[in-house]
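In this note's numbering, the protein residues as written are 447 to 672.
Positions of the beta carbon are idealized from the N, C-alpha and C atoms, including for glycine.
A short write-up of the structure that comes next.
Shown next as structure tokens:
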């Protein structure tokens, strides 16, 4: 009989079961900064407090047009003139609303003013001082990103149990979330045994080797949020 055949030794499956039986589910919740949340497990559903985007906005640089007899088909007039009455930039929206035959210069991401039927890209226009002429048909709602098109207010973005990654954290930031509720990290004890073991950084005595298993296990466990 060799040393691995003793009757009082446990099988691998039995040893694993003993470990499972000794564990208890994590119930402690921590509220942490999203900058510390990579690989952490969400403890409660995350609900969006806002629409994304928050406002109707332009999908490109161009001109926001109002009531130009636009149609949903490609039979719109090829040449239509609009009076240029202002401009809208991301973070600096146009104040007021457009009426028949008016337009504003608009940049990508800028808020769409009330009265806008569509946005036409700047390459499809000819600018004549305080007016523009469109050179191609424009469909209703063209190049307009509607509020809530990506995420609606009160929509569940992440469910409890989801493991966060860098992209998820960026999404939380886009919702204005500075903190998130997560489960406490798992606590794992690592014990390396052997008279011949020396920890890295310490002088190596005759007949000794550097201990590596705990270092490897620690790094592997950290990937799982321990």
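By alpha-carbon positions, which one of 659, 632, 546 ends up nearest to residue 471? Considering only alpha carbons, the answer is 632.
Between which two residues does the beta strand (DSSP E) carrying residue 567 extend? Element bounds for residue 567: 564 to 567.
Please report how far the alpha carbon of residue 543 lies from the alpha carbon of residue 509, in whole angstroms. Each residue's alpha carbon lies about 14 Å from the other.
Would you give the residue range spanned by the beta strand (DSSP E) that residue 625 belongs to? Note, residue 625: beta strand (DSSP E), 625 to 629.
Per DSSP, cross-strand counterpart(s) of residue 609: DSSP lists 487 as partners of residue 609.
In chain order, what residues of the same chain have a beta carbon less than 8 Å from the beta carbon of residue 561, not counting five sequence neighbours either side? Correct list, in chain order: 512, 513, 543, 544, 545, 548.
Taking the beta carbon of residue 559 as the centre, do at least 16 other beta carbons fall within 10 Å, making it buried, or is it exposed? By the 10 Å Cβ count, residue 559 comes out buried.
Verify whether the separation of the beta carbon atoms of residue 588 and residue 499 is less than 8 Å. Not a contact, by the Cβ cut-off of 8 Å.
Could you tell me the boundaries of the beta strand (DSSP E) in which residue 534 lies? Counted as a single uninterrupted DSSP element, the beta strand (DSSP E) harbouring residue 534 occupies residues 526 to 534.
Here's a check: name, in chain order, each residue in its chain whose Cβ is nearer than 6 Å to the Cβ of residue 627, leaving out the five neighbours to either side. Around residue 627: 475, 477, 489, 490.
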